[in-house]
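Okay, so here's the structure we're looking at.
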Amino acid sequence: MHRRISLPPGGEARCVRCRALLYRVGRPDANERALALALAACIVLIVANVFPIVGLEVKGVHNSATLFSAVQSLWEDKAQAVAVLVFVTTIFVPVAELAGLIWVLAALRFGIRNWGAVPVLHFIESVKPWGMVEVFMLGVMVSLVKLAHIATVEPGVALFSFAALMALIAAAAAVFDADAAWQQLEAPQ
Amino acid sequence: MRTTAAPTAARMGLLVCEVCRLVSRAPAPGSDAHCPRCGAMLHQRKPASLARTWAFLLTAMILYVPANMLPIMDTSSLYGTQRDTIVSGVAFLWTSGSFILAALVFFASVMVPLVKMIALAVLAASVQLRSTKHPRTRTRLYRIIEYVGRWSMLDIFVVTMLVALVQVSTLATIHAGPGAAAFGGVVVLTMFAAASFDPRLIWDAQRENS
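Quick note, the sequences are listed as chains A and B, same order. As numbered in the working numbering, residues 19 to 207 make up the first sequence, in order. As numbered in the working numbering, residues 955 to 1164 make up the second sequence, in order.
This is the structure:
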């Protein structure tokens, strides 16, 4: 067990036994920055889901897919389990995580702590490992290379949006100071 | 290796919340404890950690066989049907000249699940045998496998995009095979196994033997 000590700005505390990161001194405006990044990610996420990721042209026949239409084709292809897995990891969790993060950060920012921020923060922490936007992005790249052998591949708007989304989600998660959020939620109103 | 004799929360009758990391006093034995700050269930160690880890891990190992034997996708064209397993997908990338990509997919789809299952088995067995050797290395191993496990989903996403795009074209159609569901199951189960394992158990043996 460790006693909390005050650290210089940007300092971090690590466990004496296993070297795990205990806490880090965040900037005082860390969660305001996290809110800005999460809002930006939210806009990009909408674009990424509405527009097609890739288009394909074979002998004049054109075909394109959005993320949701890809999940649908898996479902119709009798691969329901895989469709559910893809839906949860690339659509449901990222949407839920971002919406939850915005909810909590906005509640903290405007001082409305009793808006269910505690269970929402709880929920975000538990679903976090299941958001796989960055793995999906790599998967799209691999499939593009495979398809490039048989057809003309046209990268869509959503492909670039997913790259931006990946960066924004990572940035928001890195900036978000969960310790500060919990302490603020604990403070008497 | 000597470790610093720092006091542990467990010995002082304190519990740390696994969600918000608040430290609070343990209640009387037998009663349920909830974190006063976030309301999560509190326990000194994750409940039935080893039993759950083994259960998820052994199921994943069994499922790993069909995941690699069964085709993850079928490509049907005018020239007939081609069934691809994970390994033959990697081989295709390699022979078509995309060496970097082939190495990447091989690493994510073949190496990661295999190494992850072996590493988890080693960790669980070492805790079961109350090993006191290399606790820091084992803790680091746990952190690495917990982080890289998600990357094995790569092939599932590749199949998703291929099925979606090569569906109604005149040249070929691609269907997801039964291997894809099995492989997805392996990834999910190993993630559950890693989440059930409590790395603090690695350090408990140190205390008992000192």
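For glycine and all other residues, C-beta sits at the position ideal for the given N, C-alpha and C.
Cross-chain neighbours of residue i in chain B, by beta carbon under 7 angstroms
i, result
"A:M150", "R1104 and M1107"
"A:E143", "V973"
"A:S87", "A1118"
"A:P173", "Those do not exist, as A:P173 stays about 12 angstroms from chain B at its closest Cβ, beyond 7 angstroms."
Through-space distance from residue j to residue i, alpha-carbon basis
i, j, result
"B:A1130", "A:Q201", "47 angstroms"
"A:E94", "B:P1089", "49 angstroms"
"B:R956", "B:T1086", "In this predicted model, B:R956 has a pLDDT of only 42, less than 50, meaning its place in the structure is not dependable enough to derive any value."
"B:T1035", "A:I168", "16 angstroms"
"B:L1068", "A:W133", "44 angstroms"
"A:L203", "A:G118", "15 angstroms"
"A:N104", "B:I1110", "Looking at the sequence itself, residue 104 of chain A is Val, so the reference to Asn does not match. Each residue's Cα considered, the two are about 8 angstroms apart."
"B:L1011", "A:V145", "21 angstroms"
"A:E115", "A:V193", "15 angstroms"
"B:A1118", "A:L74", "10 angstroms"
"B:A1159", "B:S1080", "10 angstroms"
"B:F1046", "B:A1014", "26 angstroms"
"B:P990", "B:S978", "8 angstroms"
"A:P112", "A:A99", "19 angstroms"
"A:G129", "A:A199", "12 angstroms"
"B:A1147", "B:L1155", "15 angstroms"
"A:A188", "A:A196", "14 angstroms"
Candidates the options, of which the one nearest residue i by Cα
i, options, result
"B:K1000", "B:A1159, B:L1083, B:A1149 and B:A1014", "B:A1149"
"B:Y1033", "B:Q998, B:I1099, B:T1127 and B:S1063", "B:T1127"
"B:Q1121", "B:L1047, B:T1029, B:W1157 and B:D1109", "B:T1029"
"A:L53", "A:F178, A:F69 and A:L186", "A:L186"
"B:Y1096", "B:T1039, B:P990, B:P1025 and B:W1157", "B:W1157"
"B:S1003", "B:L1077, B:L1116, B:R1094 and B:W1105", "B:L1077"
"B:M1071", "B:L976, B:L968, B:Y1018 and B:L1116", "B:Y1018"
"B:F1061", "B:A987, B:A1075, B:G1103 and B:T1093", "B:G1103"
"A:P70", "A:V89, A:G78 and A:A190", "A:V89"
"A:F180", "A:V62, A:H80, A:V171 and A:V160", "A:V62"
Under the three-state DSSP convention, the category residue i falls into
i, result
"B:P1089", "helix"
"A:A176", "helix"
"A:I169", "Looking at the sequence provided, one finds Ala at residue 169 of chain A rather than Ile. Reduced to three states, the DSSP call for A:A169 is coil."
"B:T1114", "helix"
"B:R1097", "helix"
"A:G73", "strand"
"B:T1029", "strand"
"A:G118", "helix"
"A:W133", "coil"
"A:A125", "helix"
"B:R991", "coil"
"B:M955", "With a pLDDT of only 39 at B:M955, under the threshold of 50, the placement of this residue in the model should not be trusted; the figure read from the coordinates follows. DSSP places B:M955 in coil when its eight states are reduced to three."
"B:T1144", "helix"
"B:L1024", "coil"
"A:L221", "Given a span of 19 to 207 for chain A in the structure shown, any question on residue 221 of chain A remains unanswerable."
"A:H140", "helix"
"A:V113", "helix"
"B:V977", "strand"
"A:L183", "helix"
"B:R1104", "helix"
"B:A1126", "strand"
"A:V145", "helix"
"B:Q1036", "strand"
"B:S1080", "helix"
Short CB-CB distance (under 7 angstroms) between residue i and chain D
i, result
"A:E204", "Here the protein chains are A and B, and chain D is not one of them."
Neighbour list for residue i in chain B, Cβ cutoff strictly below 8 angstroms
i, result
"A:V227", "The question about residue 227 of chain A has no answer, for chain A in this structure spans 19 to 207."
"A:K83", "Looking at the sequence shown, residue 83 of chain A is not Lys but Ala. Neighbours of A:A83 on chain B, chain order: M1115, A1118 and L1119."
Contacts of residue i in chain A (Cβ-Cβ under 8 angstroms)
i, result
"B:Q998", "Chain A residues near B:Q998: none, gap ~13 angstroms exceeds 8 angstroms."
"B:E1142", "A small correction: the amino acid at residue 1142 of chain B is Val; Glu does not occupy that position in the sequence shown. L103, listed in chain order."
"B:G1138", "A99, V100 and L103"
Residue i: contacting residues in chain B (beta-carbon distance under 9 angstroms)
i, result
"A:W93", "The premise fails here: A:W93 is roughly 10 angstroms from chain B at the closest Cβ pair, so nothing lies under 9 angstroms."
Contact list for residue i against chain A, beta-carbon separation under 7 angstroms
i, result
"B:H1129", "D95"
"B:A1134", "A97 and V100"
"B:T1050", "First, the amino acid is wrong: residue 1050 of chain B is Ser here, not Thr. Here the neighbours are H167."
"B:R991", "W200 and E204"
Residue i Cβ short of 6 angstroms to the ligand COA heavy atom set
i, result
"B:M1015", "Annotation note on the ligand COA: not contained in the displayed structure, which lists no ligands."
Would you list, in chain order, the members of the region 152-164 of chain A that have their beta-carbon closer than 9 angstroms to a beta-carbon of chain B? Going along the region 152-164 of chain A in chain order, one finds E152, V153, F154, M155, L156, G157, V158, M159, V160, S161, L162, V163 and K164 with a Cβ nearer than 9 angstroms to chain B.
Chain B contacts from the region 107-137 of chain A (Cβ-Cβ distance under 8 angstroms): T107, T108, V136 and P137
Closer than 8 angstroms, Cβ to Cβ, to anything on chain B: give me those residues from the region 47-76 of chain A, in chain order. Per Cβ criterion, the list reads I71, V72, L74 and V76.
Could you list the residues in the region 1053-1070 of chain B with a C-beta less than 7 angstroms from some C-beta on chain A, going in chain order? L1055 and V1059
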